[in-house]
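Colleague: Each number in our numbering comes from the position in the sequence shown (counting from 1) with 4 added on.
Beta carbons are placed, not taken as given, at the ideal position from N, Cα and C, and that holds for glycine.
Below: one structure in structure tokens.
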Amino acid sequence: MSESRRRELGAIWTYFGEHECGDYSPLYRRISQTVAMTDAVLDLILEAPPTSHQPNVLLAAVHSLVLDGLDHPLAAVYSGDSDADVGPLFVDVCLSRRVEILALLATRHTNNNEVGRSAVIGPALTAVAQRWGAPLGLVDVGSSAGLNLFCDRYLLDYGTYGTTGPDDAAVRVQSEIVSGDAPIAARLPEIRARVGLDRDPMDLTGEHNARWLLACIWPDTGRLARAREAIAEARRTPPDLVQGDAVDDVTAILLGLPTEVTAVVVTTWVLAYLSRTRRAEFHEMLAVASRTRPIAWVSAEGIGVVDTFSGITPPIDANRTDASLLGLVSFVDGQATPELLGFVQPHGAWIDWRA
Ligand SMILES: C[S@@+](CC[C@H](N)C(=O)[O-])C[C@H]1O[C@@H](n2cnc3c(N)ncnc32)[C@H](O)[C@@H]1O
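In structure tokens form, the structure reads like this:
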């Protein structure tokens, strides 16, 4: 492999370790630092399709082997039972299981469906119901496996701000309100209809997909147990998922919702997958559909991703460099009214409420 391609890829891993893992995942930060300096692993990655050069794919591939019962000391580090240096162990697994890993890199991409985001969606739905009334009809665009369609079945725990949802819920999500008067209600507004739309909806009935979804979760971030429970629930009562495109197919779903519900479109960390032009078209689709019925659009997306909120940046806080923006756009008769709801951590760990 050429030295320049190695160095380029090494720089991606270094950046990933420092800025994306940081203190949130010391385990993956250490692995990333090691991979960045290990030519044999960089060469392995460079053999895979370019879409798998993104660090999350190799990390998920190795995690998937661990979840499959890999007999290696790395497994004890991932489960928190060993504090051995994870870097060399990770390298050893990559090199000793290179055939299986390359097969995964060739066929899989990161599949993300983060139930922690229900903690962010919850207060946003309460805010929508306060403005427009319930019951709600929820359309989760880019829903992946649809786990957040069941946000009202999870216990959302906001510490001193209280909890939302059933006390005996199997799925329990912790979140912190770091500032603001977030509307934390004992129950979410009634969700009478719920549909997920995704270009590649993830069917969890098969064991392979469920395992891969778990493999995409970073092991030391405390999210595996709740994801397992959410997957088990989704298998008992599978969500209604439509395969289709965010722009081309959202209108038909919205217009098919029961007439008595408040139509709510939710996008969580999806729009970055659409080009700027397609994002503008998505906005336009909602505006046009709102000539038939009012539509509330709740978005939780990276800063600058939703054009309507461009120019709004979170307060500079060294501990919160990864803030995303939670917004509400109300569409009525083709007119869009934006409202900043707050800034949020991408996995729902904290909310800085601004509305
Ligand atoms: C990062 S995942 C987020 C999944 C989920 N919203 C969550 O927060 O856990 C992005 C999802 O958007 C979907 N997606 C990307 N582009 C899309 C499009 N044009 N139309 C529909 N879904 C799309 C992907 O298939 C993937 O499931």
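1. Taking buried to mean at least 16 other C-beta atoms within 10 Å of its own C-beta, is Thr38 buried or exposed?
2. Mind checking whether the beta-carbon of Thr271 lies closer than 8 Å to any heavy atom of ligand 1?
3. Considering only the alpha carbon of each residue, which of Arg215, Gly248, Asp27, Ser36 lies closest to Asn117?
4. The alpha helix (DSSP H) that contains Ile16, what's its start and end?
5. Closer than 7 Å by C-beta to Cys155: which residues in its own chain qualify, once you throw out the five before and the five after it? Chain order, please.
6. Would the C-beta of Arg282 count as close to ligand 1, meaning under 8 Å from any of its heavy atoms?
7. Could you check whether Ala250 and Gly146 sit closer than 9 Å to each other, using their CB atoms as the reference points?
8. Run through the DSSP bridge pairs and tell me what Trp301 is partnered with.
9. Under 8 Å: does the beta carbon of Asn360 sit that close to some heavy atom of ligand 1?
10. For Val310 versus Leu258, is the C-beta spacing smaller than 9 Å?
11. So, is Val292 buried or exposed, given that buried needs 16 or more other C-beta atoms within 10 angstroms?
12. Alpha carbon to alpha carbon, how far is Phe20 from Leu31?
13. Relative to ligand 1, is the shortest distance from any of its heavy atoms to the C-beta of Arg121 smaller than 8 Å?
14. Go ahead and label Asp381 buried or exposed: buried means 16 or more other beta carbons lie within 10 angstroms of its beta carbon, across all protein chains shown.
15. Answer yes if the region 85–98 comes into contact with the region 322–341, meaning at least three C-beta pairs across the two stretches below 8 Å, and no otherwise.
16. For ligand 1, any of its heavy atoms closer than 8 Å to the Cβ of Leu278?
17. Tell whether a beta-carbon distance below 9 Å holds between Asp87 and Val81.
18. With distances taken between CB atoms, is the gap from Glu3 to Trp273 smaller than 9 Å?
19. Can you tell me the Cβ-Cβ gap for Asp244 and Arg198, rounded? I've got them flagged as a contact below 8 Å.
20. Where does Gln349 land, buried or exposed, given buried means 16+ other C-beta within 10 angstroms?
21. Would the beta-carbon of Asn213 be found less than 8 Å away from any heavy atom of ligand 1?
22. Pair every Cβ in the region 153–173 with every Cβ in the region 102–117, then say whether three or more of these pairs are closer than 8 Å.
23. Leaving out five residues on either side along the sequence, give the residues of the same chain with a beta carbon under 7 Å from the beta carbon of Ser314.
24. State buried or exposed for Gly200, treating a residue as buried only when at least 16 other CB atoms are found within 10 Å of its CB.
25. Provide the residue(s) that pair with Gln247 in DSSP beta bridges, ordered along the chain.
26. Using the DSSP secondary-structure output, state which residues sit across from Gly141 in a beta bridge.
27. Would you decide whether Pro54 is buried or exposed? Buried here means 16 or more other CB atoms lie within 10 Å of its CB.
28. Tell me the rounded alpha-carbon separation between Trp136 and Ala300.
29. By the 10 Å Cβ neighbour count, where 16 or more other Cβ atoms means buried, how is Ala353 classified, buried or exposed?
Modeller: In brief:
1. Thr38 is buried by the Cβ-count criterion.
2. True, at least one ligand heavy atom lies under 8 Å from that Cβ.
3. Closest by alpha carbon: Arg215.
4. For Ile16, the enclosing alpha helix (DSSP H) begins and ends at 7–19.
5. If we look at Cys155 and ignore the five residues flanking it on each side, its Cβ neighbours are Ser122, Ile125, Gly126, Leu192.
6. The answer is yes for Arg282.
7. Going by C-beta atoms, Gly146 is nearer than 9 Å to Ala250.
8. For Trp301, DSSP records a beta bridge to Val269, Val333.
9. Any property of residue 360 remains undetermined from this structure, which presents the chain solely from 5 to 359.
10. No, the Cβ-Cβ distance between Val310 and Leu258 is not below 9 Å.
11. Val292 comes out exposed.
12. Near 12 Å, if we compare the C-alpha coordinates of Leu31 and Phe20.
13. Within the cutoff, so yes.
14. With the chain represented from 5 up to 359, any question about residue 381 goes unanswered, as that position is not in the structure.
15. No: the two stretches stay apart, fewer than three of their Cβ pairs being nearer than 8 Å.
16. For ligand 1, at least one heavy atom lies less than 8 Å from the Cβ of Leu278.
17. Yes, the Cβ-Cβ distance between Asp87 and Val81 is below 9 Å.
18. The chain is shown from 5 up to 359; residue 3 falls before or after that span and cannot be answered.
19. Between Arg198 and Asp244 the Cβ distance is about 7 Å, and since that is below 8 Å, they are a contact.
20. In summary, Gln349 is buried, with 16 or more beta-carbon neighbours lying within 10 Å of its beta-carbon over all protein chains present.
21. No - ligand 1 has no heavy atom lying nearer than 8 Å to the Cβ of Asn213.
22. Because the criterion of three Cβ pairs below 8 Å is not met, the region 153–173 and the region 102–117 do not touch.
23. Excluding the 5 residues flanking it on each side, Ser314 has same chain C-beta neighbours closer than 7 Å at Gly308, in chain order.
24. So Gly200 ends up on the buried side.
25. DSSP output for Gln247 lists Asp202 as bridge partner(s).
26. Paired residue(s): Ala197, Ala267.
27. Pro54 is classed as exposed because its beta carbon has fewer than 16 other beta carbons within 10 Å across all chains shown.
28. Approximately 9 Å, taken between the alpha carbons.
29. Under this definition Ala353 is a buried residue.
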